[in-house]
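J.: The structure's right below; bear with me while I get my questions together.
There are 2 protein chains.
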Amino acid sequence: MTIRSHRRVSRRGFLQAAGGTLAATSVGSVTPAAQVPDIKLPEAPGKQVGFALVGLGNLAINQLMPAFAKCRHARLTALISGRPEKAKQLALVYGVDPKNIYSYDNYDRLADNPAVDAVYVVLPNSMHAEYTIRALKASKHVLCEKPMANTPQECEQMIAAAKAAKRKLMIGYRLRYEPFNQALIAYAKDTAEAGPTRVILADAGFNIGDPKQWRLRKEMAGGGSLMDIGIYALNAARYLSGEEPVSVNAMMHSTPNDARFAEVEENITFQLRFPSGILANCTSSYGVGVNRFRVAKARGSAELEPALSYTGLRMRVLRGNTIEERVLPQRDHFALEMDHLAECILNDREPLTPGEEGLKDLKVMMAIYEAARIGRTVSLT
Amino acid sequence: MTIRSHRRVSRRGFLQAAGGTLAATSVGSVTPAAQVPDIKLPEAPGKQVGFALVGLGNLAINQLMPAFAKCRHARLTALISGRPEKAKQLALVYGVDPKNIYSYDNYDRLADNPAVDAVYVVLPNSMHAEYTIRALKASKHVLCEKPMANTPQECEQMIAAAKAAKRKLMIGYRLRYEPFNQALIAYAKDTAEAGPTRVILADAGFNIGDPKQWRLRKEMAGGGSLMDIGIYALNAARYLSGEEPVSVNAMMHSTPNDARFAEVEENITFQLRFPSGILANCTSSYGVGVNRFRVAKARGSAELEPALSYTGLRMRVLRGNTIEERVLPQRDHFALEMDHLAECILNDREPLTPGEEGLKDLKVMMAIYEAARIGRTVSLT
Chain X
620 MTIRSHRRVS
630 RRGFLQAAGG
640 TLAATSVGSV
650 TPAAQVPDIK
660 LPEAPGKQVG
670 FALVGLGNLA
680 INQLMPAFAK
690 CRHARLTALI
700 SGRPEKAKQL
710 ALVYGVDPKN
720 IYSYDNYDRL
730 ADNPAVDAVY
740 VVLPNSMHAE
750 YTIRALKASK
760 HVLCEKPMAN
770 TPQECEQMIA
780 AAKAAKRKLM
790 IGYRLRYEPF
800 NQALIAYAKD
810 TAEAGPTRVI
820 LADAGFNIGD
830 PKQWRLRKEM
840 AGGGSLMDIG
850 IYALNAARYL
860 SGEEPVSVNA
870 MMHSTPNDAR
880 FAEVEENITF
890 QLRFPSGILA
900 NCTSSYGVGV
910 NRFRVAKARG
920 SAELEPALSY
930 TGLRMRVLRG
940 NTIEERVLPQ
950 RDHFALEMDH
960 LAECILNDRE
970 PLTPGEEGLK
980 DLKVMMAIYE
990 AARIGRTVSL
1000 T
Chain S
620 MTIRSHRRVS
630 RRGFLQAAGG
640 TLAATSVGSV
650 TPAAQVPDIK
660 LPEAPGKQVG
670 FALVGLGNLA
680 INQLMPAFAK
690 CRHARLTALI
700 SGRPEKAKQL
710 ALVYGVDPKN
720 IYSYDNYDRL
730 ADNPAVDAVY
740 VVLPNSMHAE
750 YTIRALKASK
760 HVLCEKPMAN
770 TPQECEQMIA
780 AAKAAKRKLM
790 IGYRLRYEPF
800 NQALIAYAKD
810 TAEAGPTRVI
820 LADAGFNIGD
830 PKQWRLRKEM
840 AGGGSLMDIG
850 IYALNAARYL
860 SGEEPVSVNA
870 MMHSTPNDAR
880 FAEVEENITF
890 QLRFPSGILA
900 NCTSSYGVGV
910 NRFRVAKARG
920 SAELEPALSY
930 TGLRMRVLRG
940 NTIEERVLPQ
950 RDHFALEMDH
960 LAECILNDRE
970 PLTPGEEGLK
980 DLKVMMAIYE
990 AARIGRTVSL
1000 T
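Residue numbers (the numbering used here), protein chains in the order written: chain X, 620 to 1000; chain S, 620 to 1000.
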């Protein structure tokens, strides 16, 4: 492992580490420094984990790269792209050493680069398994976007590769790391406030654009809305119940003659039964915007809406005739997620959402597709 | 038929009929009357239809009796009860002639009472068919609470009895008559604003109290939450889609050892597929409070929450990043519903929610129970 401390201790970082805010260094005498507003500075970075990003698409460029600035332990140190000019420009913007730009061809040479501890795989779903396994073979830890892969078999190969390489494998379930979903999990678990959870409603969908994108190609995406966005509803039903579903029902429909849905499904609604008797009703859609998780109990319920947007989540708690809005910090989901893996690497702990978590969702998603296809309840036990 | 005009034209009613508000009668001269605030008086009643209420339970006492004051064409003229003292007291409060109090034994003698044009059946579900048919045989029109009966067979007998008697038979689907649900139907139908409806979410449930009430006795209620409250979600999915479902899935669960659910189900979640491809995901519960209808389209969605409370409904329309609250008049659902039947009687028109509407829900509910029981998609075509 090649963990390093931040190379330069900047003046600000030094002052911060030495005594809190700049203003605090001149207590008792009125100096120009005393007029500097009492701004809380970010903590000086401690040990950091170097991340390579593979797949420089919309998510990487617009969410992940900016998120590194908010990380305490994760640092962007390398880029992998099929387009060298694009990678060079992004490296310039984000201070990545141009020596650390790779193509898909020389990807395996990451093995020789001590600046890279972990690889974040942000490629189309069908490439997750291959690029995860190659990174693990190069002795890198891996953070892989969801869905983990297109099939449970691939997931199992990825898990085996991580074990063989003795490296961490984490799946990018960003909502598990942000405050609103964590608060809803806490509400669901806490039986004192409103009783045990009885019903979960989880709806995730958006009206997908460009018909030519890889998400609408079955071979690359593995499926339609369920693989990409419905997985949020499924994952939420699992983490809110804290249980694994024992059976599923589903119905599927795609608007006929809509070019976007020539290969993959538009809408799939599904039902889950959990061992304790919790029932979940879920929506997955590439046709309509739905974005809500609700936990319903005997003496109240709580809801996130939006529940899965990158920003602006809101939480309401309903009890009797009162509706309470719980105001929680709006944090960068990706920064929290990347920091989590970084800390797991630094402290040799298992991530909260390891490969096994991704595999569980894949198995349920396959059952959902089967239930929709055969028109029967599919058992998962 | 025994339609009559309001017997006394009161002074206020006369002034109102003659020229609007009281204040308006003294325009141009400052008189004491000119200081009377410009209050809009209720219109003087026109022709009115006499209603008998059978089943003086919570709904009749707390909702229906007070609602008559807000009706234009429906008037409470008779009570049927097994408890004469209770009926006498209520007759006194609501100005019902004590001669028009009946018991279940002499119920059929309503036939001889010209003060009664219609009977509103508010009895336990298992008694709907008998008391509807007896009222029809007494040549009365009938408004029957939902669910129409415990079985589709009973519904068919009720419809046949209405045809034979040449009397109206309406089912008390109050939400069809109030402004919020009507606005949501209009939103669902209007393809110009946001496209055609793709997904409907309808959740109806509450945490039921007293374990000894008839609603929790299978023989009297016909079933559990689905028959009583889930029927709102089902009916909404049907009126919001404007279509009849072609297939259903369902899952059912009742908390073990909960005395309330010894005979009937607590929770039943169900899915409906409509011919146009609309998918509906619905919740029915006697365990948790859920109270929401949503219509989701490509370019926006609209929602009622609460959707089925007696008062305080709210409507939100979502489009892009905006959420618009549509403020609509809060009207008395039962007054609107009773007035609708009264107007249908006065003008010899078919009610919006005739017996056939109740039968349709019963058939789908039977399919929902079957789907939950056998673990398969049940076809309705």
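Note that CB positions come from ideal geometry on N, CA and C, so glycine has one too.
1) By Cβ distance below 6 angstroms, which residues in the same chain neighbour X:LYS979 in space, the five residues on each side in sequence not counted?
2) Output, in sequence order along the chain, the residues in the region 815 to 826 of chain X whose CB is closer than 7 angstroms to any CB in chain S.
3) Do you know how far the Cα of X:LYS765 is from the Cα of X:VAL983?
4) What residues from chain X crowd round S:ASN900, counting only those whose CB sits closer than 9 angstroms?
5) Which of the three DSSP states, helix, strand or coil, is assigned to X:TYR929?
6) Can you list the residues of chain S that X:ALA920 reaches, using a CB-CB cut of under 9 angstroms?
7) Expressed to the nearest angstrom, what Euclidean distance is found between the alpha-carbon atoms of S:ALA768 and X:LEU678?
8) Kindly list the residues whose CB is nearer than 7 angstroms to the CB of S:ALA730, restricted to its own chain and excluding five residues on each side of it in sequence; keep chain order.
9) Taking 7 angstroms as the cut-off, is the CB of X:ALA730 close to at least one heavy atom of the ligand GTP?
10) Along the region 928 to 948 of chain X, where does the CB come closer than 8 angstroms to a CB of chain S? Name the residues.
11) From S:ILE987 to X:ILE942, what distance separates their C-alpha atoms?
12) Please classify S:ASP822 as buried or exposed, where buried requires at least 16 neighbouring CB atoms within 10 angstroms.
13) Just to confirm my understanding: we take X:GLU975, look at its own chain, exclude 5 residues before and 5 after, and list those with CB closer than 7 angstroms. What are they?
14) Taking its Cβ as the centre, do 16 or more other Cβ atoms sit within 10 Å of S:ASP809, making it buried, or is it exposed?
15) Suppose the cutoff is 6 angstroms on Cβ atoms and the five residues either side in sequence are ignored; what does the same chain contact list for X:GLY647 look like?
16) Measuring straight from C-alpha to C-alpha, what distance separates S:THR696 and S:VAL936?
17) Taking the alpha carbon of S:ILE804 as the reference point, which residue from S:GLY931, S:LEU960, S:ALA921 and S:ARG992 has its own alpha carbon closest?
18) Write down the C-beta distance between S:ALA926 and S:ASN910 rounded to the nearest angstrom, noting that I regard them as a contact closer than 8 angstroms.
19) Please list, in chain order, all residues of the same chain as S:MET871 whose beta carbon is under 6 angstroms from its beta carbon, the five residues on each side excluded.
20) Out of X:LEU859, X:ARG834 and X:GLN801, point me to the one whose CA is closest to X:PRO948's CA.
21) 8 angstroms is my cut-off, CB to CB: does X:ALA917 come that close to chain S?
22) Please check the pair X:ILE819 and X:ARG913, which I expect to be a contact at CB under 8 angstroms, by giving their CB distance rounded to whole angstroms.
23) Compile a chain-ordered list of the residues in the region 983 to 996 of chain X whose CB is closer than 7 angstroms to at least one CB of chain S.
24) By DSSP, does S:HIS952 sit in helix, in strand, or in coil?
25) Is S:LEU711 buried or exposed, if buried means 16 or more other CB atoms sit within 10 Å of its CB?
26) Alpha carbon to alpha carbon, what distance is there between S:ALA737 and S:ALA961?
27) Within the 8 angstroms Cβ cut-off, does S:GLY849 reach chain X?
28) Report the neighbours of X:THR874 on chain S: residues whose CB is nearer than 7 angstroms to its CB, in chain order.
29) Could you please give the first and the last residue of the uninterrupted beta strand (DSSP E) stretch that includes X:LEU845?
30) What would DSSP say about S:SER700, mapped onto helix, strand or coil?
31) Do X:ASP951 and X:ARG691 have their beta-carbon atoms positioned less than 8 angstroms apart in this structure?
32) Relative to the C-alpha of X:ARG918, which residue among X:TYR726, X:LYS705 and X:ALA811 is closest?
33) For S:TYR739, does the three-state DSSP call read helix, strand or coil?
34) Under 8 angstroms by Cβ, that's how I've got S:ARG793 and S:PHE893 pegged, so tell me the actual separation to the nearest angstrom.
35) Could you tell me which uninterrupted beta strand (DSSP E) segments, each at least 3 residues in length, are contained entirely in the region 785 to 864 of chain S, listed from first to last along the chain?
T.: In brief:
1) none
2) ARG817, VAL818, LEU820, ASP822 and ASN826
3) 14 angstroms
4) Ordered by position in chain X, the residues that pass the 9 angstroms Cβ test against S:ASN900 are LEU820, ASP822, MET870, THR888, PHE889, GLN890, ASN900, CYS901 and THR902.
5) coil
6) Here residue 920 of chain X turns out to be Ser, not Ala, going by the sequence shown. VAL907, GLY908 and VAL909, listed in chain order.
7) 55 angstroms
8) Non-local C-beta neighbours of S:ALA730 in its own chain, meaning closer than 7 angstroms and more than five positions away in sequence, comprise ALA757 and SER758, ordered along the chain.
9) For the ligand GTP, the structure offers nothing, since it holds no ligand at all.
10) LEU937
11) 32 angstroms
12) buried
13) ILE778
14) exposed
15) Note that X:GLY647 has pLDDT 47, beneath the 50 cutoff, so the model's placement of it is unreliable and the number below is only indicative. Result list for X:GLY647: empty, nothing under 6 angstroms.
16) 42 angstroms
17) S:ALA921
18) 6 angstroms
19) GLU884, ILE887 and ALA991
20) Of the candidates X:LEU859, X:ARG834 and X:GLN801, the one whose C-alpha sits nearest the C-alpha of X:PRO948 is X:GLN801.
21) yes
22) Sure, about 7 angstroms apart at Cβ, within 8 angstroms.
23) Against chain S - using a Cβ distance shorter than 7 angstroms - the residues of the region 983 to 996 of chain X are GLY994, ARG995 and THR996.
24) helix
25) exposed
26) Pairing S:ALA961 with S:ALA737, the inter-Cα distance amounts to about 8 angstroms.
27) no
28) GLY896
29) Neither: X:LEU845 is in no beta strand (DSSP E) and is coded neither H nor E.
30) coil
31) no
32) X:ALA811
33) strand
34) Wrong, their Cβ atoms sit about 23 angstroms apart, outside the cutoff.
35) 788 to 790 and 816 to 824
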